[in-house]
Amino acid sequence: LCLFGLVVITACKKQDYTSIEALDDENIAAYIKANNLNMEPLGTTGMFYQVIEEGKGRDLKYTESYPIVYTKRSLDGTYSLADTFATASRYMDFLGYFLGETNQGSVIANIPDYQKILEKDDGLKMALRTALKKANGKIRILVPSRLFNDSRNGNADLGIPPNASMDYEIRVLDSASVPAYEDVSIKAYMQRNSLTDFQRTAEGVYYKITQQGEGSAITVDSALNVNLTVRLLNGTESKSPDSTDFPVAYWNRVNAWKTVLPNLKKGGTVTIISPSSQAYGLSSSSEGFGGSSSIVIPPFSSIYYELKLNDKK
23 LCLFGLVVIT
33 ACKKQDYTSI
43 EALDDENIAA
53 YIKANNLNME
63 PLGTTGMFYQ
73 VIEEGKGRDL
83 KYTESYPIVY
93 TKRSLDGTYS
103 LADTFATASR
113 YMDFLGYFLG
123 ETNQGSVIAN
133 IPDYQKILEK
143 DDGLKMALRT
153 ALKKANGKIR
163 ILVPSRLFND
173 SRNGNADLGI
183 PPNASMDYEI
193 RVLDSASVPA
203 YEDVSIKAYM
213 QRNSLTDFQR
223 TAEGVYYKIT
233 QQGEGSAITV
243 DSALNVNLTV
253 RLLNGTESKS
263 PDSTDFPVAY
273 WNRVNAWKTV
283 LPNLKKGGTV
293 TIISPSSQAY
303 GLSSSSEGFG
313 GSSSIVIPPF
323 SSIYYELKLN
333 DKK
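My numbering puts the first residue of the sequence shown at 23, with every later residue one more than the last.
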């Protein structure tokens, strides 16, 4: 009799369980209220959005490529990706492959699980297409954790906690707008770092010759011996060993060098801040001198160079 009574009590006891959907919705509602945000729900997706700057460019399509800059943070603040000059915060590829996560871009297109993802109408890319609608705009989107892969476990390597909903700010450009966007970024960088007395070329390259040098000037067929620092605008840099030889083919591939270095002579020093159009272009690249001194250059990145010309041949 006592055992039967225990079974009845246990069976009637209400189970305390909150679904991930309900937990996401509670967390996002509390976040919106605590931060006094003015956001709209995106249908029944669980996402909320606020258009910060209306897009004035072309209509967003999954099958077209766009330069994208974004930040994201977990709602509890334990994870933050705020460096817009970092590789993880820049994207240049088909919108249809933009997931707002790592391992994205058309490089995943040949993986069987991702072969149909380009036209799949869901997630963060759908929010961009249906809420922002056009390029050259900026949007804020709150994304519930259930829309991310393996969100229940989080990602300890990246510092993302379990069941973490995310707060994104995303700027989508079109390729033609990148030079103007970079020029604003370069000017802001120069102001922050008190960089003055720079000249600007017609192509948007900023440079300052701090020492002219002596002898004959560099020509397009000169091989160079230099000390060089290559730096991203977030401070990540690569330094060459002293007296590094650069063959003609190397320095001629960077348009900013071809434009500025003929103004320099042996023993001269120059600082160059180049937009991506005059450096490594819209796609990501790498630069450096081997081993730990090499750096990954994110898509459409402006580059800061410090160069001393030791000799030319």
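Even for Gly, the Cβ is constructed at its ideal location relative to N, Cα and C.
Distance between beta carbons of T251 and E259, contact taken as under 8 Å: Sure, about 6 Å apart at Cβ, within 8 Å.
Which one of I317, Q221, K261 and L164 has the shortest CA to CA distance from V73? Closest by alpha carbon: L164.
Residue interval of the beta strand (DSSP E) (run including L164): L164 -> beta strand (DSSP E) spans G159 to V165.
Where the beta strand (DSSP E) containing Y190 begins and where it ends: Unbroken beta strand (DSSP E) run through Y190: M188 to V194.
For Y71, which three-state DSSP category applies? Residue state, collapsed to three classes: strand.
Span separating the alpha-carbon of Y228 from that of D47: Spanning the alpha carbons of Y228 and D47 requires a straight line of approximately 48 Å.
Measuring CB to CB, does E75 end up less than 9 Å from K155? In this structure, K155 does not lie closer than 9 Å to E75 by Cβ.
Can you say whether R112 is buried or exposed, counting buried as having 16 or more other CB atoms within 10 angstroms of its CB? By the 10 Å Cβ count, R112 comes out buried.
Could you tell me whether the stretch 92 to 99 touches the stretch 184 to 200, where touching means 3 or more Cβ pairs closer than 8 Å? Between the stretch 92 to 99 and the stretch 184 to 200 there are three or more inter-stretch CB-CB distances shorter than 8 Å, so the stretches are counted as touching.
Can you name the start and end residues of the alpha helix (DSSP H) that G145 belongs to? Start and end: G145 to A149.
State yes or no: is the C-beta of N277 within less than 9 Å of the C-beta of A301? The criterion of a C-beta distance shorter than 9 Å is satisfied by N277 and A301.
Within the chosen definition, does the stretch 54 to 72 reach the stretch 119 to 132 through at least 3 CB pairs nearer than 8 Å? Counting Cβ pairs under 8 Å, fewer than three are found: no touch.
Return the residue from the list E225, G226, A210 and T232 that minimises the CA-CA distance to D219. That would be T232, whose Cα lies nearest to the Cα of D219.
For I31, count neighbouring C-beta atoms within 10 Å of its own C-beta (all shown protein chains included) and say buried if the count is 16 or more, exposed if not. Model confidence at I31 stands at a pLDDT of 44, short of 50, so the residue's coordinates are unreliable; what they give is reported in the following sentence. Exposed is the call here.
Sort L180, L283, R168 and E62 by Cα distance to L103 and report the nearest one. With distances taken between Cα atoms, L103 lies closest to L180.
Can you tell me which residues form a DSSP beta bridge with M114? Answer is P89, bridged to M114.
Please state whether the Cβ-Cβ distance between Y101 and I182 is less than 9 Å. The answer is yes: Cβ separation under 9 Å.
Alpha helix (DSSP H) containing L304: first to last residue? Unbroken run through L304: none, as it is neither H nor E.
DSSP puts L250 in a beta bridge; with which residues? In the DSSP output, where bridge partners are listed per residue, L250 has L329.
Cα separation between L117 and G235? It is roughly 48 Å from the alpha-carbon of L117 to the alpha-carbon of G235.
So V347 and V282 are in contact, right, with Cβ under 8 Å, and what is the actual spacing, rounded? Outside the shown range of the chain, which is 23 to 335, sits residue 347, and nothing can be said about it.
What span of residues does the beta strand (DSSP E) with V242 cover, start to end? V242 -> no beta strand (DSSP E), and no H or E assigned at all.
Candidates K334, S306, I50 and P320: closest to R168 by CA position: Out of K334, S306, I50 and P320, I50 has the C-alpha closest to the C-alpha of R168.
Same chain, Cβ closer than 6 Å to G237, neighbours up to 5 away in sequence not counted: For G237, where only same-chain residues beyond five positions count, the Cβ hits under 6 Å are K287 and K288.
Would you list the one or two residues that DSSP bridges to F268? According to DSSP, F268 bridges with L246.
So the candidates are T109, S262 and A245; which of them puts its Cα closest to the Cα of S306? Per the Cα distances, T109.
DSSP three-state label for P263, please. Coil.
Which of helix, strand or coil DSSP assigns to C34: Confidence at C34 is low in this model, with a pLDDT of 48, below 50, so the placement of that residue should be treated as unreliable; the coordinate-derived value is given next. Correct three-state label for C34: helix.
Own chain residues within Cβ distance below 8 Å of L28, not counting five before or after: Confidence in L28 is poor, its pLDDT being 41 and thus under 50, which makes the residue's placement unreliable; the coordinate value appears in the next sentence. Closer than 8 Å at Cβ, skipping near neighbours: no residue.
So what does DSSP say about Q233, is it helix, strand or coil? DSSP places Q233 in strand when its eight states are reduced to three.
From which residue to which residue does the beta strand (DSSP E) around S207 run? Here S207 belongs to no beta strand (DSSP E); instead the alpha helix (DSSP H) covers V200 to R214.
Evaluate K334 with the Cβ neighbour count: other Cβ atoms within 10 Å of its Cβ, from every protein chain shown; 16 or more gives buried, anything less gives exposed. By the neighbour-count rule (16 or more Cβ atoms within 10 Å), K334 is buried.
Member of P321, N177 and E141 whose CA lies at the smallest distance from the CA of F107: Considering only alpha carbons, the answer is P321.
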